[in-house]
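> Can you read through this structure? Questions will come right after.
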Amino acid sequence: MIGLIAATSAGRSAAAELAGALGGCTLYQEQTVAASVARAWAECEQLVCFLATGATVRLIAPLLADKHGDPGVVCVDEARHFAVSLVGGHDGGANRLAERVAEALDAQPVLTTATDAMGLPGLDTLGLHVEGELAAVSRALLDGAPVRLVSDAVHPLPALPPNLTPDAPSEAPVVVISDRIDEAAGPATVTLRPRSLIVGVGASRGAPTEEVLGLVEAALADAGLSRHSVSYLATVDAKADEPGLLAAAAALGVDLVAHPAEALAAVAVPNPSPAPQAAVGTPSVAEAAALLGGGELLVPKRKSAPEGRAAMATVAVVRKSPRGRLALVGLGPGARDLLTPRAREELRRASVIVGLDQYVDQIRDLLRPGTRIEATGLGAEEERARSAVRLAEQGHAVALIGSGDAGVYAMASPALAEAGPDIDVVGVPGVTAALAASSLLGAPLGHDHVSISLSDLHTPWEVIERRVRAAAEADLVVTFYNPRSRGRDWQLPKALSLLAEHRRPDTPVGVAHAISRADEWHTVTTLAELDVSTVDMTTVVVVGNTASRTVADRMVTPRGYRWQS
1 MIGLIAATSA
11 GRSAAAELAG
21 ALGGCTLYQE
31 QTVAASVARA
41 WAECEQLVCF
51 LATGATVRLI
61 APLLADKHGD
71 PGVVCVDEAR
81 HFAVSLVGGH
91 DGGANRLAER
101 VAEALDAQPV
111 LTTATDAMGL
121 PGLDTLGLHV
131 EGELAAVSRA
141 LLDGAPVRLV
151 SDAVHPLPAL
161 PPNLTPDAPS
171 EAPVVVISDR
181 IDEAAGPATV
191 TLRPRSLIVG
201 VGASRGAPTE
211 EVLGLVEAAL
221 ADAGLSRHSV
231 SYLATVDAKA
241 DEPGLLAAAA
251 ALGVDLVAHP
261 AEALAAVAVP
271 NPSPAPQAAV
281 GTPSVAEAAA
291 LLGGGELLVP
301 KRKSAPEGRA
311 AMATVAVVRK
321 SPRGRLALVG
331 LGPGARDLLT
341 PRAREELRRA
351 SVIVGLDQYV
361 DQIRDLLRPG
371 TRIEATGLGA
381 EEERARSAVR
391 LAEQGHAVAL
401 IGSGDAGVYA
411 MASPALAEAG
421 PDIDVVGVPG
431 VTAALAASSL
441 LGAPLGHDHV
451 SISLSDLHTP
461 WEVIERRVRA
471 AAEADLVVTF
481 YNPRSRGRDW
491 QLPKALSLLA
501 EHRRPDTPVG
511 VAHAISRADE
521 WHTVTTLAEL
531 DVSTVDMTTV
541 VVVGNTASRT
551 VADRMVTPRG
561 YRWQS
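Numbering follows the UniProt record's numbering, with no gaps: position 142 of the sequence shown is 142.
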C-alpha cells in the first residue's frame, strides 16, 4: 500500500488525483502531519509526501532504521513540478514510484541514485539476492574502472555496464552471478544469487519443520549451494498441506509447489522406492518433483537422520538452466510520445536489441550503456526473427522491435513460429498504423472493420483479392496496409475497383502518410476522387463502408446504422 501525506488543500487535491491514477493508496489525515507520517510509516510499503523535502526529512529522520526495510519515500512539491525520490530508491522502490507519480501528475521525476542517474542498472535492482561489498563494486562500475564478471551461465539480465567483463584483471573488483558458495572472489566482491535451484521434498505425515528445514539446508550446504538460489520447494499434491513443508518453505522465503502423483510417476529418477509408490502413488517424490520439467540433478535423494527414530523427510536438489527472455516490442507509428511506457521499460530491460536499422535508430537513445544491437536492413524479417529467438535460447534478455504493434504485420508471428517452449515470451502492445491513422482522420473505425495488406510478396494476389471481395460484400470498413510501392503500383487501383462494386463513388476514403513523423500529412477524400499516385508504402488508406460519412472534413463511421435511414 502507498501512504499519501498532505498538509494543504492543494496537496490533498494532488493526493486524490494520484490515488485515482495509481490505485492502492490511502490518504492519512491524523491530528498532525507528524502523526500521519508515523502511522503511514508503520502500515505502508511506500509513502508519497506532498511536502517540502526539508520538512519530510525532519519528519522521517526519527523513523529511519534499515535501508532494506524502510519504506520508499517520494516528495512532491505543492505545484506538482517535481517528484523527488528521497529515500529507499532501490530497496524501497522510490525511484520507480517517483517515475509513476511524475507520469500521473505530469511532473518531472528527480532521481539522484548514482546508477539511475548514469543510466546503469543497479546491482541491487536486478531481482537477485545480493551479498558482499555492494557500495565498493558499484562505485568501481560508476567510475568506469575494470570489474570482473564471473558467471556460471548466461542470465536474462538487462545490459550490464561495458566495463563489467569476464577478462578484467584478476585484481579488479568482482561481480559473481552464481548459485554456488565457493566461487572465486576478488578484493571487493558482490555475489548475485539467481533463483536456479529446485528443491524436491518428501515428508511423512507430521514431519517436524525443523527436520525438513534442517535437511534442506544441510543438503544445500554440503553441495556448496546457496539457500538464496532456491526458487521453490516441490512435492507431491498429497503433501500440499503438510505443515512441516509449508513452514520450511516459508522459512526459506519461497513457495511450496505441489504436482500430481501421476506426473511425478512419469519422471525417470535414479532412486525410485516402493514406499512412496504405496503411500502417494509415485515411486519418487523428492527427485521426481525436483526433476519435473528437466534440469541437472545436483543432490540425489537424501534422507533426514534424526536420533532415535526413522527418517520423516527426503530431499533432492536440481539446477534449472536459465530461461532466456524474448520481448516482442511494438514501437508505435514513430513519434516518441506514442511509444508506450511499457515498451520503454522493455527496451531498458533487454541486454540485446534486434530490429530493422531505421527502427533501432529511433530508440537508440533509450537503451542502457552496453546494450548489444543487432540491426539489419529491409527484407530480412525472418533472419531477424531467427536471430532474436536464438539469442533468447542462449539465455539473453532480447527485445525484438518493430513499428506499430509487433503482432500486426510485424515481427511477432515469424518470431513465435521459431520459438520453442524453452524461453519466456513477453508481448508489448504498440499503437498500430490503423489506429494512428484513424485518430488523424476522425473516427473511420467506429464500426466493424478489417485490415488487409496489399503486398503480394508473402501472400498470393488471388488470396488478397478474395479477401477484398469478402470485405466489400460484408460492408466492412477496410484499412489497406502496404498499399503501393514502385514495383507494385496496380494492386491498390484493383482493390479499390473491387470495393467500388459495392460502394457509392462518394464513399469517404482517408489517406494518412508518415503518421506522427516530420513529413506527416492526411486527407479525407472519396472513392471516386482518390489520387492513388499520392500513396506509397508509408501510407495507410482507409475506405469507409456504406454508413461512413464526412462530417466537418472528418471521416466518421457511426456505431449503428441509423444514419442510413
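C-beta atoms are modelled at their ideal positions from N, C-alpha and C, and glycine is treated no differently. Here the structure is a predicted model, which is why all the values come from computation and not from measurement.
Residues in the same chain with beta-carbon distance under 6 Å from Leu213, minus the five sequence neighbours each way, listed in chain order, please.
Residue 213 sits at position 213 when you count from the first residue of the sequence shown. Excluding sequence neighbours, Leu213 sits near Ala248 and Ala251.
> In the stretch 112-176, which residue ranges form an unbroken alpha helix (DSSP H) of at least 4 residues, counting only runs that do not cross its ends?
114-117 and 134-143
> Just checking my contact of Val236 with Val285 at CB under 8 Å: how many whole Å lie between their CB atoms?
Sequence index remark: in the sequence shown, residue 236 carries index 236 (1-based). Sequence index remark: in the sequence shown, residue 285 carries index 285 (1-based). That belief holds up - the Cβ atoms of Val236 and Val285 are roughly 5 Å apart, short of 8 Å.
> Closest to Ile423 by C-alpha separation, out of Pro156, Val33 and Arg58, would be which residue?
One-based indexing of the sequence shown puts residue 423 at position 423. When each option's Cα is compared against that of Ile423, the closest is Pro156.
> Throw me the rounded Cβ distance for the Pro194 and Pro322 pair, which I believe falls under 8 Å.
Here residue 194 corresponds to residue number 194 of the sequence shown, with the count starting at 1. Here residue 322 corresponds to residue number 322 of the sequence shown, with the count starting at 1. The distance from the Cβ of Pro194 to that of Pro322 is about 7 Å, consistent with a contact at the 8 Å cut-off.
> Do the stretch 158-168 and the stretch 134-149 touch if we need at least three Cβ pairs shorter than 8 Å?
yes
> Could you tell me the alpha carbon to alpha carbon distance between Asp70 and Val48, rounded to whole angstroms?
The residue labelled residue 70 in the question sits at position 70 within the sequence shown. The residue labelled residue 48 in the question sits at position 48 within the sequence shown. One C-alpha to the other measures close to 14 Å.
> In this structure, does DSSP put Val354 in helix, strand or coil?
Translated into positions along the sequence shown, residue 354 becomes position 354. Val354 falls in the strand class under three-state DSSP.
> Please go through the same chain and pick out, in chain order, the residues whose beta-carbon is closer than 8 Å to the beta-carbon of Ser516, but skip the five residues on each side of it.
Your numbering for residue 516 matches position 516 in the sequence shown. Closer than 8 Å at Cβ, skipping near neighbours: Gly332, Pro333, Gly334, Ala335, Leu338 and Ala436.
> By alpha-carbon positions, which one of Pro444, Arg554 and Glu520 ends up nearest to Val542?
Counted from its first residue, the sequence shown places residue 542 at position 542. The shortest C-alpha separation from Val542 is found at Pro444.
> Pick from Arg205, Leu51 and Leu192: whose alpha carbon is nearest that of Glu133?
Within the sequence shown, residue 133 is the residue found at index 133, counting from 1. For the residues Arg205, Leu51 and Leu192, the minimum Cα distance to Glu133 belongs to Leu192.
> Quick one: what does DSSP say residue 578 is sitting in, helix, strand or coil?
In the structure as shown, the chain begins at 1 and stops at 565. Residue 578 is therefore absent and cannot be evaluated.
> Once you ignore the five residues that flank Asp553 on each side, which residues in its own chain have a CB closer than 7 Å to its CB?
Working through the sequence shown from its first residue, we reach residue 553 at position 553. Same-chain partners within the cutoff: Val524.
> Tell me the rounded alpha-carbon separation between Thr209 and Lys303.
Within the sequence shown, numbered from 1, the residue matching residue 209 stands at position 209. Within the sequence shown, numbered from 1, the residue matching residue 303 stands at position 303. So the alpha carbons of these two residues sit roughly 14 Å apart.
> Between the alpha carbons of Gly200 and Ala19, how many angstroms are there, rounded?
For the purposes of this step, residue 200 is identified with residue 200 of the sequence shown, where counting begins at 1. For the purposes of this step, residue 19 is identified with residue 19 of the sequence shown, where counting begins at 1. Spanning the alpha carbons of Gly200 and Ala19 requires a straight line of approximately 43 Å.
> Alpha carbon to alpha carbon, how far is Arg466 from Pro493?
As a first step, residue 466 must be located in the sequence shown, where it is residue number 466. As a first step, residue 493 must be located in the sequence shown, where it is residue number 493. Distance between the alpha carbons of Arg466 and Pro493 is about 15 Å.
> When you compare each of Gln31, Arg80, Ser36 and Ile60 to Ala10 by their alpha carbons, which one comes out closest?
Within the sequence shown, the letter at position 10 stands for residue 10. The candidate whose alpha carbon is nearest that of Ala10 is Arg80.
> Going by Cα to Cα distance, which pick from Thr526, Leu246 and Arg503 is closest to Ala474?
Counting from 1 along the sequence shown, the entry for residue 474 is found at position 474. Of Thr526, Leu246 and Arg503, the residue nearest in Cα terms is Arg503.
> With distances taken from CA atoms, which of Ala83, Ala412 and Ala219 is nearest Leu105?
The sequence position of residue 105 within the sequence shown is 105, counting from 1. Looking at the Cα atoms, Ala83 is the closest of the given residues.
> Please say whether Ala40 and Gly3 have beta carbons closer to each other than 8 Å?
What you label residue 3 is simply residue 3 of the sequence shown in a count that begins at 1. What you label residue 40 is simply residue 40 of the sequence shown in a count that begins at 1. Result yes, Cβ atoms of Gly3 and Ala40 sit closer than 8 Å.
> Using a Cβ-Cβ cut-off of 6 Å (strictly less than) and excluding sequence neighbours within five positions of Val37, which residues of its own chain qualify?
Working through the sequence shown from its first residue, we reach residue 37 at position 37. Counting only Cβ-Cβ distances below 6 Å, and skipping sequence neighbours, we find Ile5 and Leu59.
> Return yes when the Cβ of Val317 is within less than 8 Å of the Cβ of Leu225, no when it is not.
For this step, residue 225 is matched to residue 225 along the sequence shown. For this step, residue 317 is matched to residue 317 along the sequence shown. Taking 8 Å as the Cβ cut-off, Leu225 and Val317 qualify as a contacting pair.
> For Gly370 and Ile353, I'd like the C-alpha separation in whole angstroms.
Within the sequence shown, residue 370 is the residue found at index 370, counting from 1. Within the sequence shown, residue 353 is the residue found at index 353, counting from 1. Between Gly370 and Ile353, the C-alpha separation is close to 11 Å.
> Suppose you measure from the CA of Pro243 to the CA of Leu233; what does that come to, to the nearest Å?
Within the sequence shown, residue 243 is the residue found at index 243, counting from 1. Within the sequence shown, residue 233 is the residue found at index 233, counting from 1. Their backbone Cα atoms lie some 13 Å apart in a straight line.
> Helix, strand or coil: how does DSSP classify Arg323 here?
Position 323 of the sequence shown holds residue 323. In the structure shown, Arg323 sits in coil (DSSP, three-state: anything other than H, G, I, E or B).
> Asp66 to Val87, Cα distance in whole Å?
Within the sequence shown, the letter at position 66 stands for residue 66. Within the sequence shown, the letter at position 87 stands for residue 87. C-alpha separation (whole angstroms): 11 Å.
> Could you check where the beta strand (DSSP E) with Ser451 kicks off and where it finishes?
Start at 1 with the first residue of the sequence shown, and residue 451 comes out as number 451. Counting along the chain, the beta strand (DSSP E) containing Ser451 begins and ends at His449 to Ser453.
> Once DSSP output is grouped into helix, strand and coil, what is the label at Val216?
One-based indexing of the sequence shown puts residue 216 at position 216. The answer is helix: DSSP assigns Val216 an H, G or I state.
> Hey, out of Phe480, Gln491 and Ala528, whose CA is closest to His513's CA?
Here residue 513 refers to the residue found at position 513 when the sequence shown is read from its first residue. Checking every option, the nearest Cα to that of His513 belongs to Phe480.
> In the DSSP assignment, what are the bridge partners of Gln108?
Position 108 of the sequence shown holds residue 108. The partner list for Gln108 (beta bridge, DSSP) reads Phe82.
> Consult DSSP for Tyr28 and reduce its assignment to one of helix, strand or coil.
In the sequence shown, the residue the question calls residue 28 occupies position 28. In this structure, Tyr28 counts as strand in the three-state DSSP scheme.
> Quick check on Gly404: does DSSP put it in helix, strand or coil?
On the sequence shown, position 404 is the one that residue 404 refers to. It is a strand residue.
> Look at the Cβ atom of Pro283, then the Cβ atom of Gln277, and state whether they are nearer than 8 Å.
One-based indexing of the sequence shown puts residue 283 at position 283. One-based indexing of the sequence shown puts residue 277 at position 277. Going by C-beta atoms, Pro283 is nearer than 8 Å to Gln277.
> In or out: Gly355 buried (at least 16 other Cβ within 10 Å) or exposed?
Indexing the sequence shown from 1 puts residue 355 at position 355. Gly355 is buried by the Cβ-count criterion.
> Along the alpha helix (DSSP H) that carries Gln46, what are the first and last residues, could you check?
For this step, residue 46 is matched to residue 46 along the sequence shown. Unbroken run through Gln46 is the beta strand (DSSP E), Gln46 to Phe50; no alpha helix (DSSP H).
> By alpha-carbon positions, which one of Ile363, Ala221 and Asp241 ends up nearest to Arg205?
Here residue 205 refers to the residue found at position 205 when the sequence shown is read from its first residue. Measuring from the Cα of Arg205, the nearest candidate turns out to be Asp241.
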